[in-house]
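The structure under discussion appears below in the form of structure tokens.
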Amino acid sequence: MAIHPKEHRIILKYADEPGYTPDIDCYMKHGGYDTLKKAVTMEKKDICEEVKNSQLRGRGGAGFPAGIKWSFVDRKSGKPVYMICNCDESEPGTFKDRQIVHKDPHQLIEGIIISCFATECAKAFIYIREEMPKGAEILNQAIKEAKEKNFVGDDILGSGYSCDIVVHRGAAAYICGEETGLIESLEGKRANPRIKPPYFPAVLGLYMCPTIVNNVETLCNVKHILEMGAGEFANIGRPNNTGTRIWCVSGGVKRPGYYEVAGITLGELIYDICGGPKDGRTIKAVIPGGSSMKILKNGERFKGKDRDGTEYDWGIEDIPLDYDGIAAAGSMSGSGGMMVLDDTVEIPVALANLMAFYSHESCGQCTPCREGSLWLKKITTRMVHGEARPEDVDLLKSVADQIEGRTICAFGFAVAWPVQSYIKKFEEEFREFAERHSHADVDRTAAKELACNL
Amino acid sequence: MNLKPETLAEIEEAIPKYPEKRSAVMPLLHAIQKDQGLLSNGAAEWVAEKLGMEPINVLSVITFYPFFRQHKIGKRHIRVCRTLSCAMSGGAKVCDRMLSEFDTKLNGISPDGEVTIEFAECLASCGSGPVMLVDDELYENLDEAKAQEICNRIKAEAVQA
Ligand SMILES: Cc1cc2nc3c(=O)[nH]c(=O)nc-3n(C[C@H](O)[C@H](O)[C@H](O)COP(=O)(O)O)c2cc1C
Ligand code: SF4
Ligand code: FES
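Structural data, given as structure tokens:
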């Protein structure tokens, strides 16, 4: 894959270089594990301080500052502290962790061990989704190689610090990406998320011990922060949005793919880097950060005031491509999984497709989520089949409103936000679609294909 | 339970990796399902015994996770992604082609016993959709013609075997 000049590759710097292989020799030839060697000579609290000063934010979904998360770890209890690397990567639209794991696994291992050393973790787990069997093999092989070189295991590089990494495979349940569901799963149970409070992982995590959960990309960044220094890292991107991000673009663009960038706009990503819409098509909407995030409609204006008081008035293409930029446009950068919907995509059908996903993936603990997601699937499905009832658009919204904020975990938001935002921005289309499809002679082939399996 | 020696070795290796035995339930189930093709109630009891758990707690894990199964499937497990990005790039047609080529229905076993074709949710390869998994192998940028080639290959391999 040719690297676009607007990319700013740090994490994926070598991943797509011809001849770059996932073995330890190749990694070390490219300076691999030099940062770990430096880290083990440093004070642990200084490493944590660097991570905090870098303003690194989580790349898994919520965007919480990593250094601050680490500082919440309960050290008074005297219990062991665990590290979990979240490699569940199951938010629809997201495929960045896969690139790291498959092409540069040692970078992740170095990031994990540095992070474990800094936070004095007793053991690390990589929770990888079942559908990445090759990834799990690659990681196991990499850990074996790293152990032989004493980068993982007992008395790492003579530092007196020991830490093992265990690769744990999921079994095809999306909810294992939610950190407390993940922890339950790792304990050998159903992945039913825990209620927060009191089960904040940093206090009551794996085996009721303090636990740090970070995404793959987040942990890789730790290595680079230490390598270049917090100051230099913080100069990449904008304050509070530091470092690069790997964006995954899929759907209606000429060049879908993963792109590591910093300090650009959404328009630069989808038009310049991804080549814009396919020939003869136009972009209708963008789901910016994985399928759970609120949709952005092409043509709408995003207005408001920055924290410093300056007013903004953006089109979709002007939105700064980072946490705060997308939040200012009323959505979230989430996991960086950007889905582009062109004018061939009918929004109610896209919603039906996603509601089939969410209703399948609800863990079933909370009634609003379990029952509500099924209703949302049922209503959107009947729309696709031309059996919509007059009250359905309002009903969809009402069901979603009753899920949001009334559940144990954030999956409730993940299922409600698409419904609420699609209807808010495309209400006319929902009503027009329902009417058009109510006629017996309408061609439903395309809709059924896009809804897929409904 | 008649497990292959390598399965037993995998199981013995997995258990001590975890601070608490129960955490090994998923790795054990993975190993046994690979060995036996499915997870019987007997397997749940065996795992329970091995890890000092109640069989019901093992069954509750088996029934929660879509990948663990208590039923037989074809020799090859084919999973076509159905989620939005793949659907936008033609995943449904790919799946239909696979189904008609093997003369089978979704989730069933094809008459020749070769395949079970299912839909999967987002396989984390949305940029190269439509995608599908054939056992451990990921196929990307599919269309009907490529799906046809894969079918032909599977059939040719079945004849050889
Ligand atoms: C329903 C749901 C699914 C999630 N899936 C993932 C996932 O696949 N990968 C991931 O890293 N985080 C996922 N998260 C976010 C995690 O709960 C957690 O916030 C994250 O792993 C923390 O790492 P970070 O701070 O480095 O981003 C998910 C959250 C929810 C609510
Ligand atoms: S919100 Fe949904 S997924 Fe989350 S705990 Fe409740 S039922 Fe489970
Ligand atoms: S939507 Fe098919 S791989 Fe993500």
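Protein sequence lines correspond, in order, to chains A and B. 0 is the number of the first residue of the first sequence in numbering that gives the first Met the number 0; add one for each residue after it. 0 is the number of the first residue of the second sequence in numbering that gives the first Met the number 0; add one for each residue after it. By construction, the Cβ of each residue, glycine as well, lies at the ideal position given by its N, Cα and C atoms.
Please report the straight-line C-alpha distance between residue i and residue j, rounded to a whole angstrom.
{"i": "isoleucine 245 of chain A", "j": "glutamine 106 of chain A", "result": "15 angstroms"}
{"i": "isoleucine 318 of chain A", "j": "glutamate 428 of chain A", "result": "25 angstroms"}
{"i": "serine 420 of chain A", "j": "valine 414 of chain A", "result": "11 angstroms"}
{"i": "cysteine 175 of chain A", "j": "arginine 193 of chain A", "result": "12 angstroms"}
{"i": "valine 151 of chain A", "j": "lysine 143 of chain A", "result": "8 angstroms"}
{"i": "alanine 135 of chain A", "j": "glycine 92 of chain A", "result": "21 angstroms"}
{"i": "glycine 90 of chain B", "j": "glycine 18 of chain A", "result": "32 angstroms"}
{"i": "alanine 387 of chain A", "j": "asparagine 352 of chain A", "result": "16 angstroms"}
{"i": "lysine 423 of chain A", "j": "arginine 381 of chain A", "result": "20 angstroms"}
{"i": "serine 330 of chain A", "j": "glutamate 44 of chain B", "result": "47 angstroms"}
{"i": "leucine 50 of chain B", "j": "arginine 21 of chain B", "result": "6 angstroms"}
{"i": "glutamate 119 of chain A", "j": "glycine 333 of chain A", "result": "28 angstroms"}
{"i": "alanine 349 of chain A", "j": "leucine 37 of chain B", "result": "34 angstroms"}
{"i": "lysine 293 of chain A", "j": "leucine 203 of chain A", "result": "31 angstroms"}
{"i": "histidine 70 of chain B", "j": "aspartate 142 of chain B", "result": "30 angstroms"}
{"i": "glutamate 9 of chain B", "j": "valine 24 of chain B", "result": "13 angstroms"}
{"i": "histidine 438 of chain A", "j": "threonine 444 of chain A", "result": "14 angstroms"}
{"i": "phenylalanine 425 of chain A", "j": "aspartate 135 of chain B", "result": "40 angstroms"}
{"i": "isoleucine 61 of chain B", "j": "lysine 396 of chain A", "result": "34 angstroms"}
{"i": "phenylalanine 63 of chain B", "j": "valine 93 of chain B", "result": "28 angstroms"}
{"i": "alanine 14 of chain A", "j": "histidine 3 of chain A", "result": "14 angstroms"}
{"i": "valine 130 of chain B", "j": "leucine 449 of chain A", "result": "15 angstroms"}
{"i": "isoleucine 108 of chain A", "j": "methionine 227 of chain A", "result": "18 angstroms"}
Under 9 angstroms between beta-carbons, which chain B residues line up against residue i? List them in chain order, please.
{"i": "tyrosine 173 of chain A", "result": "Glu120 and Cys121"}
{"i": "serine 290 of chain A", "result": "Thr82, Leu83, Ser84 and Cys121"}
Using the beta-carbon of each residue, which ones in chain B are nearer than 8 angstroms to residue i?
{"i": "tyrosine 126 of chain A", "result": "Ordered by position in chain B, no residue passes the 8 angstroms Cβ test against tyrosine 126 of chain A, which lies about 10 angstroms from the chain."}
{"i": "glycine 204 of chain A", "result": "What glycine 204 of chain A touches in chain B: nothing, since even the nearest Cβ is about 12 angstroms away."}
{"i": "histidine 167 of chain A", "result": "Ser22, Met25 and Pro26"}
{"i": "proline 91 of chain A", "result": "Thr82, Leu83, Ser84, Glu120, Cys121 and Cys125"}
{"i": "lysine 122 of chain A", "result": "Pro18"}
{"i": "phenylalanine 116 of chain A", "result": "By Cβ distance, chain B contributes nothing, its closest Cβ being about 19 angstroms from phenylalanine 116 of chain A, past 8 angstroms."}
{"i": "glutamate 88 of chain A", "result": "Ala123"}
Please compile the residues from chain B whose C-beta is within a distance smaller than 7 angstroms of the C-beta of residue i.
{"i": "glutamate 129 of chain A", "result": "Phe66"}
{"i": "histidine 359 of chain A", "result": "Glu120"}
Could you check how far apart the C-beta atoms of residue i and residue j are, in whole angstroms? I think they sit under 8 angstroms.
{"i": "isoleucine 127 of chain A", "j": "arginine 168 of chain A", "result": "6 angstroms"}
{"i": "threonine 379 of chain A", "j": "proline 417 of chain A", "result": "Rounded, the Cβ-Cβ distance is 10 angstroms, inconsistent with contact."}
{"i": "arginine 58 of chain A", "j": "glutamate 259 of chain A", "result": "Actually they are not in contact, since the Cβ atoms of arginine 58 of chain A and glutamate 259 of chain A sit about 11 angstroms apart, beyond 8 angstroms."}
{"i": "proline 200 of chain A", "j": "valine 212 of chain A", "result": "5 angstroms"}
{"i": "isoleucine 402 of chain A", "j": "glycine 363 of chain A", "result": "The pair is not a contact, with the Cβ atoms about 13 angstroms apart (cut-off 8 angstroms)."}
{"i": "proline 276 of chain A", "j": "glycine 251 of chain A", "result": "6 angstroms"}
{"i": "cysteine 162 of chain A", "j": "phenylalanine 124 of chain A", "result": "Not really, about 11 angstroms apart at Cβ, beyond 8 angstroms."}
{"i": "arginine 189 of chain A", "j": "serine 59 of chain B", "result": "6 angstroms"}
{"i": "phenylalanine 116 of chain A", "j": "valine 39 of chain A", "result": "6 angstroms"}
{"i": "isoleucine 111 of chain A", "j": "leucine 218 of chain A", "result": "5 angstroms"}
I want to verify the contact list: residues of chain A whose CB lies under 8 angstroms from the CB of residue i, in sequence order.
{"i": "serine 124 of chain B", "result": "Phe94 and Arg97"}
{"i": "aspartate 142 of chain B", "result": "The contacting residues do not exist; aspartate 142 of chain B stays about 13 angstroms from chain A at best."}
{"i": "lysine 3 of chain B", "result": "Simply none; closest approach about 18 angstroms."}
Starting from the beta carbon of residue i, find every residue of chain A whose beta carbon is closer than 9 angstroms, and list them in chain order.
{"i": "serine 59 of chain B", "result": "Lys188 and Arg189"}
{"i": "glycine 128 of chain B", "result": "Ser249, Gly250 and Pro255"}
{"i": "aspartate 135 of chain B", "result": "Pro132, Lys133 and Glu136"}
{"i": "leucine 132 of chain B", "result": "Glu130 and Pro132"}
If you count every other CB in all the chains shown that lies within 10 Å of the CB of residue i, and 16 or more means buried, which is it?
{"i": "arginine 300 of chain A", "result": "exposed"}
{"i": "alanine 1 of chain A", "result": "exposed"}
{"i": "glutamate 147 of chain A", "result": "exposed"}
{"i": "leucine 7 of chain B", "result": "exposed"}
{"i": "valine 441 of chain A", "result": "exposed"}
{"i": "alanine 42 of chain B", "result": "buried"}
{"i": "arginine 435 of chain A", "result": "exposed"}
{"i": "alanine 158 of chain B", "result": "Note that residue 158 of chain B is valine in the sequence shown, not alanine. Exposed, since its Cβ has fewer than 16 Cβ neighbours within 10 Å."}
{"i": "serine 361 of chain A", "result": "buried"}
{"i": "lysine 36 of chain A", "result": "exposed"}
{"i": "arginine 152 of chain B", "result": "exposed"}
{"i": "proline 287 of chain A", "result": "buried"}
{"i": "glycine 157 of chain A", "result": "exposed"}
Residues of chain A with CB closer than 7 angstroms to the CB of residue i, please, in chain order.
{"i": "lysine 16 of chain B", "result": "Val165"}
Inset, instruction - May I ask you to list, following chain order, the residues of the region 177–189 of chain A that have a beta carbon less than 8 angstroms from some beta carbon of chain B? - result: So the close ones are Ser184, Leu185, Glu186, Gly187, Lys188 and Arg189.
Inset, instruction - Can you give me, in chain order, the residues of the region 339–353 of chain A that have a beta carbon less than 7 angstroms from any beta carbon in chain B? - result: So the close ones are Val344, Ala349, Asn352 and Leu353.
Inset, instruction - Give, in chain order, every residue of the region 62–94 of chain B whose Cβ lies closer than 7 angstroms to some Cβ of chain A. - result: Per Cβ criterion, the list reads Phe63, Tyr64, Pro65, Phe66, Phe67, Arg81, Thr82, Leu83, Ser84, Ala86, Met87, Gly90, Ala91 and Lys92.
Inset, instruction - Closer than 8 angstroms, Cβ to Cβ, to anything on chain A: give me those residues from the region 23–56 of chain B, in chain order. - result: Sequence-ordered contacts of the region 23–56 of chain B with chain A read Ala23, Val24, Met25, Pro26, Leu28, His29, Leu50, Met52 and Asn56 [C-beta pairs closer than 8 angstroms].
Inset, instruction - Would you list, in chain order, the members of the region 247–259 of chain A that have their beta-carbon closer than 8 angstroms to a beta-carbon of chain B? - result: Within the region 247–259 of chain A, the qualifying residues are Cys247, Val248, Ser249, Gly250, Gly251, Pro255, Gly256 and Tyr257.
Inset, instruction - Could you list the residues in the region 327–339 of chain A with a C-beta less than 8 angstroms from some C-beta on chain B, going in chain order? - result: Against chain B - using a Cβ distance shorter than 8 angstroms - the residues of the region 327–339 of chain A are Gly336 and Met338.
Inset, instruction - Note down, in chain order, all residues in the region 141–160 of chain B with a beta-carbon under 9 angstroms from any beta-carbon belonging to chain A. - result: Residues of the region 141–160 of chain B with a Cβ closer than 9 angstroms to any Cβ of chain A: none.
Inset, instruction - Name, going along the chain, the residues of the region 129–153 of chain A whose beta-carbon falls closer than 8 angstroms to a beta-carbon of chain B. - result: Cβ contacts with chain B: Glu129, Glu130, Met131, Pro132 and Lys133.
Legend entry - chain B contacts from the region 437–453 of chain A (Cβ-Cβ distance under 8 angstroms): Within the region 437–453 of chain A, the residues whose Cβ lies closer than 8 angstroms to some Cβ of chain B are Lys447, Glu448, Leu449, Ala450, Cys451 and Asn452, listed in chain order.
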